[in-house]
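J.: Numbering (the numbering used here), first residue to last: 302 to 431. Beta carbons are placed, not taken as given, at the ideal position from N, Cα and C, and that holds for glycine. All values derive from a computational prediction rather than experimental measurement.
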Amino acid sequence: MLSKKIEAALNGQVAIEAASSQAYLAMASWAENQGLGGTAAFLYRHSDEERMHMLKLVKFINERGGRAIIPALKQPGTSFKTITDIFRALLDHETKVTNEINGVVDLCLKEKDYTTHNFMQWYVREQTEE
Ligand SMILES: [Fe+2]
Ligand SMILES: [Fe+2]
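As structure tokens, this is what we get:
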């Protein structure tokens with residue numbers, strides 16, 4: 302059973318992964334409009350991966366007796382000028398996500414929730430790739 306604190310932290314992470322998926326979808330669409338087919342394909346795939354990260358959290362929260370909250374999504378920024386802008390924004394975003402994940406891992410240790418701590422290791426590994 303998840304504690305309320307852990308449940309809230311995991312739901313926070315659901316919102317972050319959903320926002321990531323939405324942000325990369327906006328980037329993908331921008332790249333496609335610029336005729337950058339390869340980059341668009343990469344970003345569409347990345348957007349799908351982020352949605353998968355979100356789903357994994359939703360299922361974990363519900364399986365552990367919590368209640369996953371599906372968040373509203375803000376319209377992501379679309380004022381990109383160059384492809385370098387996009388990849389800089391992407392790296393910036395992923396760095397923030399990594400910090401958030403580390404925060405959840407810290408909380409798991411504080412709360413002695415070793416099951417969630419174990420689950421979160423997948424995200425820690427994933428962020429190394431990102
Ligand atoms: Fe992610
Ligand atoms: Fe990511």
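Under 6 Å from any heavy atom of ligand 2, by CB: list those residues in chain order, please.
T.: Ordered along the chain, the selected set is S321, E351, E395, V398 and E431.
J.: Among M355, I307, Q335 and A390, whose alpha-carbon lies nearest the alpha-carbon of S322?
T.: Position 21 of the sequence shown holds residue 322. Of the candidates M355, I307, Q335 and A390, the one whose C-alpha sits nearest the C-alpha of S322 is M355.
J.: To the nearest angstrom, how far is the alpha carbon of Q422 from that of N403?
T.: Reading the sequence shown from its first residue, position 121 is the one you call residue 422. Reading the sequence shown from its first residue, position 102 is the one you call residue 403. Near 10 Å, if we compare the C-alpha coordinates of N403 and Q422.
J.: Decide if A447 is buried, meaning its Cβ has at least 16 other Cβ atoms within 10 Å, or exposed.
T.: Because the chain is modelled from 302 through 431, residue 447 falls outside the range shown and cannot be assessed.
J.: Taking all protein chains shown into account, do 16 or more other C-beta atoms lie within 10 angstroms of the C-beta of T429, making it buried, or fewer, making it exposed?
T.: What you label residue 429 is simply residue 128 of the sequence shown in a count that begins at 1. By the 10 Å Cβ count, T429 comes out exposed.
J.: From this set, A341, H418 and K411, which residue's C-alpha is nearest I384's C-alpha?
T.: By one-based count along the sequence shown, residue 384 stands at place 83. Closest option to I384, Cα to Cα, is A341.
J.: So, under 8 Å CB-CB, V406 and A369 are touching, yes? Tell me the CB distance rounded to an integer number of Å.
T.: Taking the first residue of the sequence shown as position 1, residue 406 is located at position 105. Taking the first residue of the sequence shown as position 1, residue 369 is located at position 68. Actually they do not touch by this definition, with Cβ atoms about 19 Å apart.
J.: Leaving out the 5 sequence neighbours to the left and right, which residues in its chain are closer than 8 Å to L303 when beta-carbon positions are compared?
T.: Position 2 of the sequence shown, counted from the start, is the residue given in the question as residue 303. Cβ neighbours of L303 beyond the five flanking positions: L311, I362, R365, G366, G367, D414 and T417.
J.: Excluding the 5 residues preceding and the 5 following G336 in the sequence, name in chain order all residues of the same chain whose CB lies nearer than 6 Å to its CB.
T.: Locating residue 336 in the sequence shown gives position 35, counting from the first residue. Excluding positions up to five away in sequence, the list is empty.
J.: For K305, name the three-state secondary structure that DSSP assigns.
T.: In the sequence shown, the residue the question calls residue 305 occupies position 4. Note: K305 maps to helix in three-state DSSP.
J.: Is E260 a contact residue of ligand 1, with contact defined as CB to any heavy atom under 7 Å?
T.: Outside the modelled stretch of the chain, which goes from 302 to 431, sits residue 260, for which no answer is possible.
J.: For S380 and K411, I'd like the C-alpha separation in whole angstroms.
T.: Here residue 380 is taken as the residue at index 79 of the sequence shown, counted from 1. Here residue 411 is taken as the residue at index 110 of the sequence shown, counted from 1. When rounded, the distance between both Cα atoms is 40 Å.
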